[in-house]
Every structure is written in structure tokens, then in C-alpha cells.
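To start, the structure itself, in C-alpha cells.
Residue numbers (full-length UniProt numbering): 1 to 126.
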């Protein structure tokens, strides 16, 4: 914290900032560094996009951002889209996709999905 305070003072003295945007950004940075909720909140890694999270593609591959869950017809017409942070469980999104598709007055005869969507709750729902 001491370093950040010194850096702030130095920047304010050395860099003219007629619009005040630099000082505003420095103050935002100070708030982020001092906010323990941000530092301890699981998965928050960006002060700019606080909703994005780390997720896994496999045991060895991670990504940062969001997941797109998409439902479509056999003809590949998209019937529903649901976007979640990267750390959200895929399986919990199936019911949302099915309900959004049904809201479009589309009858669902079959569901094809990867195993992430095949939990007991989803199978009962279908």
C-alpha cells in the first residue's frame, strides 16, 4: 500500500492531467487494491470485467472469460443462448436452454449434448 501511495504522489506531481482522468484511474486502482472483497472473492481476476471467471476446458487447460451455452434445431437454427461466467457448471444451464426453446413454441423431441449436461437432475427434467 505504501508503494501505491508513493507512486500516486509521484504521478500527480510529474504528469500534468488537465482532464483529471489519470487521477481518477489511480483512485480506482487504489480502491481495487484496498478492497478485500475483490482480493478474496473467488475467481475475480479483472477490475474491468468483474463477472468473468476462470474455467476449465480440461484438467490441464484453463480459460478466462465466459461460456456460451447454445440450443439449436437439427437444421442448426439457434433457439436459445445462455452466457455464464467461465466457472459455472455446464449442466446447470440445460434447463434454462430447454425452457427458452419452449418459450419459442418449439417442440423438443430429442436432446443431444455432451456429458457435462447429463446429470440426474437434467435427466429427470427431460
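Just so you know, even glycine gets a beta-carbon here, dropped at the ideal spot from N, CA and C.
Taking 8 angstroms as the cut-off, the beta carbon of residue 80 is found no closer than this to the beta carbon of residue 64.
Distance between residue 103 and residue 96, taken at the CA atoms: about 11 angstroms. Contact annotation: residue 67 and residue 86 have beta-carbon atoms nearer than 8 angstroms. Per DSSP, residue 61 lies in no alpha helix (DSSP H) segment and is marked neither H nor E. Excluding its 5 nearest sequence neighbours in each direction, residue 73 has C-beta neighbours in its own chain below 8 angstroms: 79, 106, listed in chain order. Around the beta carbon of residue 126, a 10 Å sphere encloses fewer than 16 other beta carbons of the protein chains shown; the residue is thus reported as exposed. In the structure shown, the three-state DSSP call for residue 78 is strand. If you draw a 10 Å sphere on the C-beta of residue 94, you find 16 or more other C-beta atoms in it, and that means buried. With fewer than 16 other beta carbons inside 10 angstroms of its own, residue 83 counts as exposed. For residue 56, same chain residues with a beta-carbon under 6 angstroms away, outside a window of 5 residues either side, are 62 in chain order.
For the pair residue 115 and residue 89, the Cα-to-Cα distance works out to about 12 angstroms. Residue 122: member of the alpha helix (DSSP H) spanning 120 to 125, first to last residue.
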